[in-house]
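Some notes on the structure that comes next.
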């Protein structure tokens with residue numbers, strides 16, 4: 001077999017070791033679905049020549065704005081921008097954010113060419129203010145380009161994509177940061193074990209997740225990154241989330257039993273990704289990535305927009321020195337008789353990231369406001385989301401994250417009607433840390449249609465909707481995503497004149513919270529977005545044999561409340577009152593030495 005005809009920018013020996021040129025030389029496929037399957041299978045991954053042709057074809061088909069710089073523009077401007085200087089002596093554009101240019105299998109001439117191309121791109125795209133992924137993209141494209149001008153044109157087309165439904169690379173700090181927040185939300189949903197490990201060993205888990213793009217665009221070796229890029233050009237940005245989640249899963253599998261230091265976890269992940277070829281092949285990485293049942297592209301886009309909106313409301317649109325985007329709960333501003341600052345920070349790791357930007361504000365406390373349910377509603381109405389914390393007479397601490405304003409209860413004409421969204425969850429802190437997620441996501445067969453005579457739950461479809469997609473909530477809340485029949489639909493929270501209910505409308509599993517309540521915290525400036533349909537929820541086992549009767553209330557030192565219906569309270573093991581499995585699944589366990597985590601899922 002003839003040796004592959006590498007271009008002048010590639011180190012032949014390193015390229016031969018990284019990419020075996022054994023594959024087909026032509027690609028006749030034109031159907032998108034077939035092309036997707038071939039990309040995932042690595043059809044052109046083993047042929048240097050074919051991969052170059054496929055890249056040209058795929059990038060040429062990207063819809064771009066009318067005026068997009070091409071190869072001829074590069075030829076015209078490169079001399080003026082670089083001049084007689086060596087490109088290595090010129091600073092890289094500010095939008096790369098001090099990102100090192102990965103060399104992969106480039107020789108010295110190739111590395112020099114990447115810098116020139118980046119400088120020319122900066123000249124032609126003054127609107128690109130933050131794009132740390134671009135050096136890796138340009139470096140990879142240069143391996144498969146005939147010359148610098150062709151590589152420049154291909155990179156420009158990726159930046160100039162004007163299809164709103166086809167996001168390729170982040171080009172502003174706002175977009176980049178919202179992508180990091182979205183990734184954190186996805187980790188919280190899909191990598192529970194890894195999230196527990198990250199929370200246990202890192203002081204700021206959000207800063208760890210903010211590094212996710214660097215894992216892909218810079219740390220992955222060429223063989224792995226090229227395979228990811230093959231699929232990325234066909235399927236888009238969602239692939240990056242998938243692969244990053246898969247990397248985190250593999251890291252947890254390899255390092256779960258080994259000691260990790262909080263100040264080195266970011267570097268540990270980078271090192272793992274850099275050396276991933278020792279333990280995980282490109283095929284295995286992609287197999288793991290596509291085994292994750294991720295949300296749809298449209299739903300992820302809605303979550304991204306919601307996160308962007310939250311950042312804008314906090315005034316975080318550009319990167320500033322000494323600015324911490326992810327704000328933790330500040331010890332000096334937080335006081336509670338029920339939970340410590342550390343416990344509150346633990347809870348904050350479960351909250352959707354767009355709300356974790358904000359500081360909690362105390363709205364209601366039984367010590368200050370008494371035990372009137374009317375007063376509770378008065379204090380909390382107009383605020384969303386809220387966090388309900390309860391301490392029982394047995395010193396147990398439990399609570400719920402409630403996404404919707406309690407004023408929604410007024411729409412049911414005095415009857416007990418359910419509302420809320422799929423981001424609600426329940427948890428327990430004492431005697432052990434447990435968080436319960438909606439198990440129907442993975443086991444819809446557990447949901448059975450049950451009528452509630454005392455409840456009228458009208459559809460929310462008649463509610464006026466905003467024209468701004470960012471004002472509709474969250475991708476996690478779409479009932480159609482889980483293929484649930486309408487007869488099983490329910491919501492999470494309800495309130496009447498004599499009780500409020502958290503956990504959904506299945507009678508045997510309801511947990512009534514009497515008008516003796518603990519703290520309710522609310523994130524300042526946070527907003528919630530509407531949900532089109534109700535969802536089926538169930539609560540954990542609510543039996544508590546120690547309760548003599550409903551409404552046993554005590555006020556210990558700084559206590560919140562005891563609560564119950566029919567001798568029941570929230571926060572016992574995840575089994576139903578009659579032994580049936582519940583719709584919430586435990587996703588965090590006991591904290592302590594040797595335990596992966598006290599928080600997270």
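Residue numbers (UniProt numbering): 1 to 601.
Glycine included, each C-beta is placed from N, C-alpha and C at the ideal position.
Keep in mind it's a predicted model, so treat the numbers as computed, not measured.
At least 3 beta-carbon pairs within less than 8 angstroms: the segment 84-96 vs the segment 177-192: no
As assigned by DSSP and simplified to three states, the class of residue 32: Numbered from its first residue, the chain shown carries residue 32 at position 32. DSSP places residue 32 in helix when its eight states are reduced to three.
Three-state class that DSSP yields for residue 91 in the structure shown: Residue 91 sits at position 91 when you count from the first residue of the chain shown. It is coil, neither helix nor strand.
Pairwise C-alpha distance: residue 216 and residue 240: Working through the chain shown from its first residue, we reach residue 240 at position 240. Working through the chain shown from its first residue, we reach residue 216 at position 216. When rounded, the distance between both Cα atoms is 8 angstroms.
Close Cβ partners of residue 394 (< 6 angstroms) along its chain, the five nearest in sequence each way excluded: Within the chain shown, numbered from 1, the residue matching residue 394 stands at position 394. Cβ within range, chain order: n/a, list empty.
Integer Cβ distance of residue 375 from residue 495, believed to fall under 8 angstroms: Along the chain shown, one-based indexing puts residue 375 at 375. Along the chain shown, one-based indexing puts residue 495 at 495. Not a contact, Cβ separation roughly 13 angstroms.
Endpoints, the alpha helix (DSSP H) within which residue 374 is located: Translated into positions along the chain shown, residue 374 becomes position 374. Where residue 374 is concerned, the enclosing alpha helix (DSSP H) stretches over 373-380.
C-beta atoms of residue 403 and residue 385 nearer than 8 angstroms: The count along the chain shown starts at 1 and reaches residue 403 at position 403. The count along the chain shown starts at 1 and reaches residue 385 at position 385. Closer than 8 angstroms, so yes.
Length at least 4, wholly inside the segment 195-221: the alpha helix (DSSP H) runs in chain order: 205-209
Minimum C-alpha distance to residue 360 - residue among 401, 372, 368: The sequence position of residue 360 within the chain shown is 360, counting from 1. Closest by alpha carbon: 401.
Backbone secondary structure at residue 271 - three-state DSSP: If you number the chain shown from 1, residue 271 lands on position 271. Three-state DSSP puts residue 271 in a helix.
Residue span of the alpha helix (DSSP H) that contains residue 55, given as start and end: Taking the chain shown and counting its residues from 1, one reaches residue 55 at position 55. Counting along the chain, the alpha helix (DSSP H) containing residue 55 begins and ends at 48-60.
Same chain only: Cβ atoms within 7 angstroms of residue 65, ignoring 5 sequence neighbours per side: Working through the chain shown from its first residue, we reach residue 65 at position 65. Answer for residue 65: 160, 162, listed in chain order.
Buried versus exposed, by CB contacts within 10 Å (16 or more), residue 5: Within the chain shown, the letter at position 5 stands for residue 5. Flag for residue 5 reads exposed.
Minimum Cβ-Cβ distance from residue 85 to chain C less than 8 angstroms: The chain labelled as chain C is not found in the depicted structure, where only one protein chain is given.
Residue 101 classed as buried or exposed, judged by whether at least 16 other C-beta atoms fall within 10 angstroms: Here residue 101 corresponds to residue number 101 of the chain shown, with the count starting at 1. So residue 101 counts as buried.
Alpha-carbon to alpha-carbon, residue 350 and residue 36: Sequence index remark: in the chain shown, residue 36 carries index 36 (1-based). Sequence index remark: in the chain shown, residue 350 carries index 350 (1-based). If I take the Cα positions, the gap works out to 34 angstroms.
Among 172, 422, 295, nearest to residue 126 - alpha-carbon criterion: In the chain shown, the residue the question calls residue 126 occupies position 126. It is 172 whose Cα lies nearest to the Cα of residue 126.
Length of the line joining the Cα atoms of residue 253 and residue 498: Taking the chain shown and counting its residues from 1, one reaches residue 253 at position 253. Taking the chain shown and counting its residues from 1, one reaches residue 498 at position 498. Taking the straight line joining both Cα atoms gives about 49 angstroms.
Euclidean distance between Cα positions of residue 192 and residue 174: Along the chain shown, read from residue 1 onward, the residue named residue 192 stands at position 192. Along the chain shown, read from residue 1 onward, the residue named residue 174 stands at position 174. Going from the Cα of residue 192 to the Cα of residue 174 covers about 26 angstroms.
Burial state of residue 195, where buried means 16 or more other Cβ atoms lie within 10 Å: The residue given as residue 195 occupies position 195 in the chain shown. Label assigned to residue 195: buried.
Same chain, Cβ closer than 6 angstroms to residue 211, five either side skipped, listed in chain order: Counting from one through the chain shown, the residue named residue 211 turns up at place 211. Excluding residues within five positions, the ones whose Cβ falls inside 6 angstroms are 266.
Whether residue 134 touches residue 169 by CB criterion (8 angstroms): As a working mapping, residue 134 is identified with position 134 in the chain shown. As a working mapping, residue 169 is identified with position 169 in the chain shown. In contact: residue 134 and residue 169 (Cβ atoms closer than 8 angstroms).
Cα-Cα separation, residue 399 to residue 435: Counted from its first residue, the chain shown places residue 399 at position 399. Counted from its first residue, the chain shown places residue 435 at position 435. The straight-line gap from Cα to Cα measures roughly 10 angstroms.
Beta-bridge partners of residue 135, as assigned by DSSP: Stepping through the chain shown from its first residue, residue 135 is reached at position 135. In DSSP, residue 135 forms no bridge with anything.
Through-space distance from residue 231 to residue 57, alpha-carbon basis: Within the chain shown, residue 57 is the residue found at index 57, counting from 1. Within the chain shown, residue 231 is the residue found at index 231, counting from 1. Each residue's Cα considered, the two are about 14 angstroms apart.
Between the CA atoms of residue 198 and residue 140 - distance to the nearest angstrom: Working through the chain shown from its first residue, we reach residue 140 at position 140. Working through the chain shown from its first residue, we reach residue 198 at position 198. Computed Cα separation, rounded: 30 angstroms.
Euclidean distance between Cα positions of residue 220 and residue 11: On the chain shown, residue 220 is found 220 positions in, with the first residue counted as 1. On the chain shown, residue 11 is found 11 positions in, with the first residue counted as 1. Going from the Cα of residue 220 to the Cα of residue 11 covers about 18 angstroms.
Candidates 406, 334, 129, of which the one nearest residue 416 by Cα: By 1-based counting over the chain shown, the position of residue 416 is 416. For the residues 406, 334, 129, the minimum Cα distance to residue 416 belongs to 406.
CA nearest to the CA of residue 371, picked from 143, 500, 25, 50: Residue 371 sits at position 371 when you count from the first residue of the chain shown. Here the closest residue by C-alpha is 500.
Residue 298 to residue 85 span [Cα, whole Å]: Numbered from its first residue, the chain shown carries residue 298 at position 298. Numbered from its first residue, the chain shown carries residue 85 at position 85. Rounded to whole angstroms, residue 298 to residue 85 spans 46 angstroms at the Cα level.
Residues bridged to residue 418 [DSSP beta-bridge criterion]: In the chain shown, counting from the first residue as 1, residue 418 sits at position 418. For residue 418, which the question treats as bridged, DSSP gives the partners 494.
Closest Cα partner of residue 377 within the set 227, 123, 492, 363: The sequence position of residue 377 within the chain shown is 377, counting from 1. Ranking the options by Cα distance to residue 377, first place goes to 363.
Where the alpha helix (DSSP H) through residue 164 begins and ends: Position 164 of the chain shown, counted from the start, is the residue given in the question as residue 164. Premise fails: residue 164 is in no alpha helix (DSSP H) and is neither H nor E.
For residue 400, the residue or residues it bridges with in DSSP: Looking up residue 400 in the chain shown gives position 400. Partner(s): 388, 426.
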